[in-house]
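Using the numbering used here, the first residue of the sequence shown is number 1, and each one after it goes up by one.
Backbone N, C-alpha and C fix where the C-beta goes; we use that ideal spot for every residue, glycine too.
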Amino acid sequence: MAKLLRTTVAAGAVALLALTTTSARAADTGRLPYSSTTGVGVHNAYVKTTFPYFADALDSGAGMLELDVWTNVFGASWRVSHDSPVSNNNNCANATTVAQLRTNAQNRDLGGCLTDLRTWHNANPGHRPIVLKVEMKDGFLGSAGRGPAAFDALVSSKLGDAVYRPGDLVGNRANLDEASQAGAWPTRAQLAGKFLIELIPGTVEEQNPFDTLWTDREYATYLRDLKAAGRLGEATAFPAVHNVAAGDPRTRYADASIRPWFVFFDGDASAWVAAGIDTAWYDQRHYFVLMTDAQNVAPAIDGTNPTEQQARDRLSLLAQKSASLISADWRSLPTVLSSVVPRGTAQ
1 MAKLLRTTVA AGAVALLALT TTSARAADTG RLPYSSTTGV GVHNAYVKTT
51 FPYFADALDS GAGMLELDVW TNVFGASWRV SHDSPVSNNN NCANATTVAQ
101 LRTNAQNRDL GGCLTDLRTW HNANPGHRPI VLKVEMKDGF LGSAGRGPAA
151 FDALVSSKLG DAVYRPGDLV GNRANLDEAS QAGAWPTRAQ LAGKFLIELI
201 PGTVEEQNPF DTLWTDREYA TYLRDLKAAG RLGEATAFPA VHNVAAGDPR
251 TRYADASIRP WFVFFDGDAS AWVAAGIDTA WYDQRHYFVL MTDAQNVAPA
301 IDGTNPTEQQ ARDRLSLLAQ KSASLISADW RSLPTVLSSV VPRGTAQ
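Laid out in structure tokens, this is it:
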């Protein structure tokens, strides 16, 4: 009996220690700058087979959720869909009340998805910072009223002060690069209740031989010009350099004046960890690195249903490789999706 009691007490002590350590770790990451942590995101979170409603994606605990947006003239508004360029096909509900988040009709445009975000945000004050990754499938289309300024106007009308903007990071500095290298990122705790928006060029845009102004370059140019006009506060998104390259990948932009407006970098996780890529260079400058398809890094694990330990090990590995966010389709692992660990040199 005494032995059983000792064993029970010891087991309880271990459990309490684990709980205390987990709580302390969460508190520690809250005190870290946002650029010094690594979280987990979900690829194509708007797809109904991933989450029945976008509210389910928001409730999942994920640190990043992705939307695909189409702008071509063959359909109306800003459409959200994976492979339908002319119509909406998604789990957004355009909910203005919490009850509507899972009862309204789905298949809404970008404005409807942003309305869901705002309604959920209002019901969850102080929520974790969430990156909304927007892939502009076929790019902006300013001639149809779907350019960068119209995008910002829509986001501002729906989300308002719930967005952490490029101007918030820049402050009184010259550009995003200067602010990031100066360590101007707020802590995770200070970013509670905020969305950050990342923009990347889309797969269709990148394969279109007639498109010579991709999303990344167009929005960075727009940011530069807004700053010059004293209107940077209007901008809502951070353009990302898409795909991995050795050295400083911003040298791909012939116009050197837009290079300092990129502090987000997005690419395949396997490419990030390949030989010749110095990921510590990004960490040292506090740049934001998103590593996609985290499951494919050797040794590959399941992209949808790995074990929790496999997913946690992958998070740990890529955090050591200086990822800010890793993404996969691990929707069935909410405790992993909500995990945040110190990044790279912060470990």
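Anyone know if the C-beta pair for residue i and residue j falls short of 7 angstroms?
{"i": "Leu333", "j": "Met64", "result": "no"}
{"i": "Leu318", "j": "Ala280", "result": "no"}
{"i": "Pro129", "j": "Leu191", "result": "yes"}
{"i": "Cys113", "j": "Val155", "result": "no"}
{"i": "Thr360", "j": "Lys48", "result": "Because the chain spans 1 through 347 in this model, residue 360 falls outside it and cannot be assessed."}
{"i": "His242", "j": "Pro306", "result": "no"}
{"i": "Gly344", "j": "Asp283", "result": "yes"}
Could you check what DSSP says for residue i in three-state terms: helix, strand or coil?
{"i": "His242", "result": "strand"}
{"i": "Ala149", "result": "helix"}
{"i": "Thr103", "result": "coil"}
{"i": "Thr187", "result": "strand"}
{"i": "Thr21", "result": "For Thr21, the pLDDT reaches just 39, beneath the cut-off of 50, and the residue's location in the model is therefore unreliable, leaving the point undetermined."}
{"i": "Lys227", "result": "helix"}
{"i": "Thr345", "result": "helix"}
{"i": "Val98", "result": "helix"}
{"i": "Ser332", "result": "coil"}
{"i": "Ser327", "result": "strand"}
{"i": "Trp70", "result": "strand"}
{"i": "Val86", "result": "coil"}
{"i": "Ala235", "result": "coil"}
{"i": "Arg312", "result": "helix"}
{"i": "Ala26", "result": "With a pLDDT of 47 at Ala26, under the threshold of 50, the predicted position of this residue should be treated as unreliable, though the coordinate-derived value follows. Looking at Ala26 - three-state DSSP - the assignment turns out to be helix."}
Closest to residue i by CA distance: which of the options is it?
{"i": "Thr304", "options": "Ser157, Pro129 and Asn44", "result": "Asn44"}
{"i": "Pro309", "options": "Gln320, Ser339 and Gln284", "result": "Note that residue 309 corresponds to Gln in the displayed sequence, not to Pro. When each option's Cα is compared against that of Gln309, the closest is Ser339."}
{"i": "Arg259", "options": "Val204, Val80, Asp225 and Thr292", "result": "Asp225"}
{"i": "Asn122", "options": "Thr345, Phe195 and Gly39", "result": "Phe195"}
{"i": "Ser257", "options": "Thr307, Asn175 and Ser270", "result": "Asn175"}
{"i": "Ala328", "options": "Arg285, Thr345 and Asp268", "result": "Asp268"}
{"i": "Leu205", "options": "Pro125, Thr215 and Ala228", "result": "Residue identity check: residue 205 is Glu in the sequence provided, not Leu. Of the candidates Pro125, Thr215 and Ala228, the one whose C-alpha sits nearest the C-alpha of Glu205 is Thr215."}
{"i": "Ala290", "options": "Gln181, Arg102 and Ser322", "result": "Residue identity differs from the one stated: residue 290 is Leu in this sequence, not Ala. Ranking the options by Cα distance to Leu290, first place goes to Ser322."}
{"i": "Ile301", "options": "Thr115, Arg118 and Trp330", "result": "Trp330"}
{"i": "Arg231", "options": "Val273, Ala153, Leu337 and Pro209", "result": "Ala153"}
{"i": "Trp78", "options": "Asn90, Leu101 and Leu110", "result": "Leu110"}
{"i": "Leu199", "options": "Val134, Tyr46 and Pro209", "result": "Val134"}
{"i": "Ala105", "options": "Ala298, Asn88 and Ser316", "result": "Asn88"}
{"i": "Asp83", "options": "Tyr46, Phe51 and Asp59", "result": "Tyr46"}
{"i": "Val263", "options": "Glu178, Arg173 and Thr221", "result": "Glu178"}
{"i": "Phe288", "options": "Val42, Thr38, Glu218 and Gly61", "result": "Thr38"}
{"i": "Gly247", "options": "Leu58, Tyr34, Trp261 and Phe265", "result": "Phe265"}
{"i": "Ala99", "options": "Thr119, Phe51, Asp28 and Ala220", "result": "Thr119"}
| task | Could you say if the stretch 144 to 153 and the stretch 181 to 195 meet the contact criterion of at least three C-beta pairs nearer than 8 angstroms? | result | No, because fewer than three Cβ pairs between the stretch 144 to 153 and the stretch 181 to 195 fall closer than 8 angstroms, the two stretches do not touch.
| Which parts of the stretch 247 to 307 are runs of the alpha helix (DSSP H), unbroken and 4 residues or longer, counting only runs that do not cross its ends? | Complete alpha helix (DSSP H) runs here, min 4: 269 to 272 and 279 to 284.
| task | Could you tell me which uninterrupted beta strand (DSSP E) segments, each at least 3 residues in length, are contained entirely in the stretch 28 to 62, listed from first to last along the chain? | result | Taken in chain order, the complete beta strand (DSSP E) segments of 3 residues or longer contained in the stretch 28 to 62 are 37 to 42.
| query | Taking three-plus beta-carbon pairs below 8 angstroms as touching, is the stretch 60 to 75 in contact with the stretch 126 to 142? | reply | Verdict: yes, contact present.
| If we count Cβ pairs, one from each stretch, closer than 8 angstroms, do we get three or more for the stretch 89 to 102 versus the stretch 244 to 254? | Taking 8 angstroms as the limit for Cβ pairs, the verdict is that the stretch 244 to 254 does not touch the stretch 89 to 102.
| Hey, is the stretch 223 to 239 in contact with the stretch 153 to 173, meaning 3+ C-beta pairs nearer than 8 angstroms? | Counting Cβ pairs under 8 angstroms, three or more are found: they touch.
| query | Which ranges does the beta strand (DSSP E) cover as unbroken runs of at least 3 residues, wholly within the stretch 189 to 219, from first to last along the chain? | reply | Within the stretch 189 to 219, the complete beta strand (DSSP E) runs of at least 3 residues are 195 to 201.
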